[in-house]
Every structure is written in structure tokens, then in C-alpha cells.
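Colleague: Number 164 in the UniProt record's numbering belongs to position 164 of the sequence shown; there are no gaps in the numbering.
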Amino acid sequence: MNTVEQVKQEITDAQARLKSDESALGNALATGRPTDALESRCAGLRTQLHQLDLKRDAAQQIADDKQEKADLKEARRLTKAAEQHRATILTQGEKLAALVEQMEAVAAEIGKANAIRDWQIPLSEAHRLGIDRDETKAARYSLPDFGGLGGRAKNAVGMYVGTQETMAQRGTQHLT
């Protein structure tokens with residue numbers, strides 16, 4: 001298939017030949033020489049130019065179709081990449097939400113242990129809330145590890161539980 005540029009070059013060449021022949025035809029008419037051959041040749045060149053114009057239009061249409069196909073292919077590729085990126089973001093968001101939920105649970109456990117340690121919640125109230133020193137102590141060993149944060153959380157719960165136990169023992173010593 002001819003490219004648009006090739007057909008345009010053929011049209012330029014044919015136009016130059018037609019101009020030359022029309023000039024020769026004008027000279028022949030002015031001098032009174034026979035012009036039948038020149039007129040025939042000019043008519044042939046005009047027909048050739050018309051066919052070349054049609055050929056150029058067809059080549060341009062083919063080029064446009066190829067470009068449109070390439071654009072559609074690129075749009076599909078970009079759409080697929082965007083969908084994959086969106087799915088990745090959603091998955092990461094879900095994982096992050098689960099992690100936040102776990103961290104909030106750990107923070108709640110630490111808060112309960114802290115409240116017991118600071119005697120903000122009496123032991124009877126702690127039992128009513130379902131907080132048992134032994135359970136809290138056991139909980140520090142079952143906390144999830146959040147990339148290093150869990151270890152610190154476990155230690156914090158353990159400190160609070162240990163402090164609470166020591167204070168409880170001191171309190172009972174004073175009472176007896």
C-alpha cells in the first residue's frame with residue numbers, strides 16, 4: 001500500500017507535468033501547430049490527477065484507521081492498568097482497615113490495663129467489665145505483632161498488669 005506521502009509526491013509530479021504540458025499546449029495554439037496530441041495528453045494527466053486524489057484520500061483513510069486502532073489499543077491498555085491499580089488500592093485499603101481495627105483492639109486492651117493500674121477502675125468494676133488480671137496477663141502473650149509495634153504493646157500490657165498486681169498485693173498487705 002502506498003503511504004499518504006508517496007501519493008502526495010506522485011500528485012506533485014503529475015501537477016508539474018500537467019503544468020508543463022498546458023504551457024506547451026498554449027504555445028502550440030499561439031503558433032498554430034496541431035494541438036490534438038497535447039490536448040489528449042493534458043486530458044490524460046487531469047484524469048491521472050483525479051485518480052491520484054482518490055488514491056490519496058484512500059491512503060489517508062487507511063492511515064487514519066491505523067491511528068484510530070492504535071489509539072484504541074493504547075486506551076484499552078491504560079484502562080486495564082488503571083483497573084489493576086484500583087484493585088491494588090482497594091486491597092491495600094482493606095488490609096489497612098483490618099490493621100487499624102486490630103490496633104484499636106490492642107489500644108483498648110492497653111487502656112483497660114492502664115485504668116486498672118491507675119486505680120481508675122476498681123477491681124470489682126474491672127471484673128464487671130470482664131477484665132480479669134489473669135486474662136489481661138494472658139492477653140499480652142496473644143497480642144498480634146504489628147511490625148514491631150506488637151512487641152511494644154505486649155510489653156506495655158505486661159507492665160500495666162504487673163504494676164496492677166503489685167499494687168493489689170500492697171493493698172491487701174495494708175488491709176491485713
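Yeah, the Cβ is synthetic: ideal placement off N, Cα and C, and Gly gets one too.
Remember, predicted model here, so these are calculated numbers, not experimental data.
#1: Quick one, are the C-beta atoms of Leu25 and Thr12 less than 7 Å apart?
#2: Find the nearest neighbour of Leu18 within the set Ala43, Ala105 and Ala30, judged by alpha-carbon distance.
#3: Pull up the distance between the alpha-carbon of residue 190 and that of Glu5, whole angstroms please.
#4: Assuming contact is defined by CB atoms lying nearer than 7 Å, are Lys55 and Val7 in contact in what I supplied?
#5: What is the DSSP secondary structure of Arg56, counted as helix, strand or coil?
#6: Can you grab the Cα-Cα spacing for the pair Ala59 / Glu94, in whole Å?
#7: What are the boundary residues of the alpha helix (DSSP H) that includes Arg17?
#8: Within its chain, find whatever has a CB closer than 8 Å to the CB of Gln15; leave out the 5 residues flanking it on each side and keep chain order.
#9: Please list, in chain order, all residues of the same chain as Glu101 whose beta carbon is under 6 Å from its beta carbon, the five residues on each side excluded.
#10: Suppose you measure from the CA of Leu52 to the CA of Gln9; what does that come to, to the nearest Å?
#11: Report the three-state DSSP secondary structure of Thr35 (helix, strand or coil).
Modeller: This is what the structure gives:
#1: no
#2: Ala43
#3: Coverage of the chain is limited to positions 1 through 176, which leaves residue 190 absent and any answer about it impossible.
#4: yes
#5: helix
#6: Rounded to whole angstroms, Ala59 to Glu94 spans 52 Å at the Cα level.
#7: Val4 to Thr31
#8: Leu49
#9: Excluding residues within five positions, none has a Cβ falling inside 6 Å.
#10: 10 Å
#11: coil
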